[in-house]
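Structure, as structure tokens:
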Amino acid sequence: MKALSPLAVLISALLLQGCVAAAVVGTAAVSTKAATDPRTVGTQVDDGTLELRVNSALSKDQQIKKEARINVTAYQGKVLLAGQAPNTELASRAKQIAMGVEGTTEVFNEIRQGQPIGLGAASNDTWITTKVRSQLLGSDQVKSSNVKVTTENSEVFLLGLVTEREGKAAADIASRVSGVKHVTTAFTYIK
Numbered sequence: 014m015k016a017l018s019p020l021a022v023l024i025s026a027l028l029l030q031g032c033v034a035a036a037v038v039g040t041a042a043v044s045t046k047a048a049t050d051p052r053t054v055g056t057q058v059d060d061g062t063l064e065l066r067v068n069s070a071l072s073k074d075q076q077i078k079k080e081a082r083i084n085v086t087a088y089q090g091k092v093l094l095a096g097q098a099p100n101t102e103l104a105s106r107a108k109q110i111a112m113g114v115e116g117t118t119e120v121f122n123e124i125r126q127g128q129p130i131g132l133g134a135a136s137n138d139t140w141i142t143t144k145v146r147s148q149l150l151g152s153d154q155v156k157s158s159n160v161k162v163t164t165e166n167s168e169v170f171l172l173g174l175v176t177e178r179e180g181k182a183a184a185d186i187a188s189r190v191s192g193v194k195h196v197t198t199a200f201t202y203i204k
């Protein structure tokens, strides 16, 4: 058996400590998000599973798979379809497919007619989402953990469990972020 040098052992130990620290920090972040989300952990898991099921169902349609770009977001069983399709028929078909997936209670079809956006626009959408989340986090008018933000082609979509006042504030905050063309809300209002 080949003996390890003391340097190799030291490096391995340091790398493992980094892995453990990363795992602990990552787990803490996920646990914090789960704890501050107004949905139960079970509902959060159900929504994640629903997103996977809808994506899987959409990918089985070869025309949708080839010609459209559709992002799926689920929140409390409500499914948001955002993206682009070359025609309204394809967008309608995507909505019907999503409605047929077990666990879907409602579908918001926000698929726009047009060619799918490219990587540059998708990267810009990620940046816009980050800016909107940051603004919501810094606001005392909205509990940011109650709002789910997604962006598609510079259009921001907001879902979540909020009061009407929080919903209006969130939409206003998002609309003032640079690069945002339009804000669409699909909130569930609580009293």
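Residue numbering for the sequence shown is 14 to 204, as defined by my numbering.
Glycine included, every Cβ here is placed at the ideal spot set by N, Cα and C.
Runs of alpha helix (DSSP H) wholly within the region 164-192 (minimum 4 residues, chain order): 177-188
Buried versus exposed call for Ala42 [16 or more other C-beta atoms within 10 Å across all chains shown]: Taking the first residue of the sequence shown as position 1, residue 42 is located at position 29. In this prediction, Ala42 has a pLDDT of 42, which is less than 50 and means its spatial position is unreliable; nothing more can be read from the coordinates.
Rounded C-alpha distance that separates Ala183 from Val155: Mapped onto the sequence shown, residue 183 falls at position 170. Mapped onto the sequence shown, residue 155 falls at position 142. Between Ala183 and Val155, the C-alpha separation is close to 6 Å.
Neighbour-count burial assignment, Asp185, 16 or more Cβ in a 10 Å radius: On the sequence shown, residue 185 is found 172 positions in, with the first residue counted as 1. Classification for Asp185: exposed.
Range of the contiguous alpha helix (DSSP H) that encloses Arg66: Taking the first residue of the sequence shown as position 1, residue 66 is located at position 53. Per DSSP, Arg66 belongs to the alpha helix (DSSP H) from Val54 to Ser72.
First and last residue of the uninterrupted alpha helix (DSSP H) at Gln148: Here residue 148 refers to the residue found at position 135 when the sequence shown is read from its first residue. Leu132 to Leu150 is the span of the alpha helix (DSSP H), which, as asked, contains Gln148.
Rounded C-alpha distance that separates Asp59 from Gln128: Taking the first residue of the sequence shown as 1, we reach residue 59 at position 46. Taking the first residue of the sequence shown as 1, we reach residue 128 at position 115. So the two alpha carbons sit approximately 31 Å from each other.
Rounded C-alpha distance that separates Gln109 from Tyr88: Translated into the one-based positions of the sequence shown, residue 109 becomes position 96. Translated into the one-based positions of the sequence shown, residue 88 becomes position 75. One C-alpha to the other measures close to 18 Å.
Contacts around Gly73, its chain only, beta-carbon distance under 7 Å, and the 5 residues preceding and following it disregarded: If you number the sequence shown from 1, residue 73 lands on position 60. Looking at the sequence itself, residue 73 is Lys, so the reference to Gly does not match. The answer is none, since no qualifying residue turns up.
Burial state of Thr119 (16 or more Cβ within 10 Å): Here residue 119 is taken as the residue at index 106 of the sequence shown, counted from 1. The question names Thr, yet the displayed sequence has Glu at residue 119. Its Cβ having fewer than 16 others within 10 Å, Glu119 is exposed.
Distance, Ser167 Cα to Gly245 Cα: Summary: the structure shown does not reach residue 245, with the chain confined to residues 14 through 204, and so no result is reported for it.
Neighbour-count burial assignment, Lys194, 16 or more Cβ in a 10 Å radius: Taking the first residue of the sequence shown as position 1, residue 194 is located at position 181. So Lys194 ends up on the exposed side.
Whole-angstrom distance between Gly131 and Asp138, CA atom to CA atom: Looking up residue 138 in the sequence shown gives position 125. Looking up residue 131 in the sequence shown gives position 118. Using only the alpha carbons, I get a separation of about 11 Å.
For Lys204, the three-state DSSP class (helix, strand or coil): By one-based count along the sequence shown, residue 204 stands at place 191. In the structure shown, Lys204 sits in coil (DSSP, three-state: anything other than H, G, I, E or B).
Per-residue DSSP class, three states only, for Gln97: Counting from 1 along the sequence shown, the entry for residue 97 is found at position 84. Gln97 falls in the strand class under three-state DSSP.
Ala98 versus Val92, Glu80 and Arg66, residue with shortest Cα-Cα distance: Here residue 98 refers to the residue found at position 85 when the sequence shown is read from its first residue. Selected option, being the one with the closest Cα: Glu80.
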